[in-house]
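Numbering (this note's numbering), first residue to last: 1 to 273.
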């Protein structure tokens with residue numbers, strides 16, 4: 001059978017687990033079977049806003065790895081990802097118990113997994129080979145829009161993950177409720193940051209709002225990065241507020257379109273001859 005689902009990624013603190021909980025609630029409200037799969041071996045159950053249907057900590061736990069092998073947090077995480085890759089049949093078997101379910105993968109946020117370490121990339125590739133049609137949901141904290149440097153860095157992060165993971169992708173500015181509290185600090189309206197157009201205007205914001213040593217050098221560097229991002233036109237953002245049902249509905253519809261999923265409604269057809 002063919003499975004459909006979302007791979008939820010983003011830096012630590014971008015709201016991935018909260019997103020999964022909100023998306024799970026939306027799917028349930030639409031009578032669509034779904035399961036949430038936690039693939040972060042460092043998180044504990046009481047830290048999650050949902051009850052995972054499948055939890056990597058049932059297979060391997062980062063704290064246990066750290067204590068046993070005397071590894072640091074990041075090395076323990078990478079070890080766990082490699083272990084999951086070697087034992088992926090365990091995950092596939094767990095998923096097979098939830099037939100006809102929409103899949104929500106809650107992933108760790110450490111940048112190593114999306115830049116130079118291949119375990120996660122290989123895991124996703126094997127999931128695709130197991131008849132899973134997946135879309136990458138890349139979450140970025142919307143409050144980063146208040147800082148041009150951080151915003152440009154988030155664009156590069158999004159572009160990097162798109163290139164590395166190679167899935168259909170949707171970029172999302174999350175935590176809009178928090179952004180409303182600090183939106184006066186943004187140099188431009190929110191639409192400017194979602195459309196990712198005319199990025200050279202950020203240089204003006206940098207010039208007037210930041211007093212840094214060697215600012216001209218930073219300006220030239222940032223300007224060059226902005227030109228690259230605009231030239232390829234690969235990054236844009238949707239927005240999502242987990243307290244706004246319409247925004248969740250829109251994101252779900254966008255994800256469904258990206259993977260070719262068409263919700264099936266059962267009708268009682270009556271033919272009159």
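Note that beta-carbon positions come from the ideal geometry of N, C-alpha and C, so glycine has one too.
Let me know the secondary structure DSSP gives residue i once reduced to three states.
i           : result
residue 83  : helix
residue 46  : helix
residue 186 : coil
residue 274 : This structure leaves residue 274 out entirely; the chain is present only between 1 and 273.
residue 70  : coil
residue 130 : coil
residue 250 : helix
residue 238 : strand
residue 4   : strand
residue 37  : strand
residue 174 : strand
residue 60  : coil
residue 9   : strand
residue 262 : coil
Is the Cβ-Cβ distance between residue i and residue j less than 8 Å?
i           : j           : result
residue 202 : residue 152 : yes
residue 237 : residue 172 : yes
residue 14  : residue 140 : yes
residue 72  : residue 10  : no
residue 103 : residue 130 : no
residue 259 : residue 133 : yes
residue 226 : residue 200 : yes
residue 135 : residue 107 : no
Closer than 7 Å to a non-hydrogen atom of the ligand FMN - does that hold for the CB of residue i?
i           : result
residue 256 : Looking at this structure, you won't find the ligand FMN or any other ligand, since it has none at all.
By Cβ distance below 6 Å, which residues in the same chain neighbour residue i in space, the five residues on each side in sequence not counted?
i           : result
residue 12  : 109
residue 155 : 229, 235
residue 248 : 22, 26
residue 6   : 104, 135, 137, 255
Excluding sequence positions up to five away, which residues of its chain have a Cβ less than 7 Å from the Cβ of residue i?
i          : result
residue 61 : 41
Between which residues of its own chain and residue i is the CB-CB distance below 8 Å, once the five residues before and five after are set aside?
i          : result
residue 28 : 34
Handout entry: the stretch 179 to 188 touching the stretch 251 to 258, judged by at least three CB pairs closer than 8 Å
Key = In the pairwise beta carbon analysis, the stretch 179 to 188 is classified as not touching the stretch 251 to 258: fewer than three pairs are separated by under 8 Å.
Exercise for the section: Mind the definition here: the stretch 116 to 126 touches the stretch 20 to 35 only if three or more C-beta pairs lie below 8 Å; say whether that holds. Expected result: Short answer: they don't touch.
Problem - Within the stretch 88 to 162, ranges of the beta strand (DSSP E) (whole runs, at least 3 residues) - result: Counting whole runs of 3 or more residues, the stretch 88 to 162 contains the beta strand (DSSP E) stretches 102 to 106, 132 to 141.
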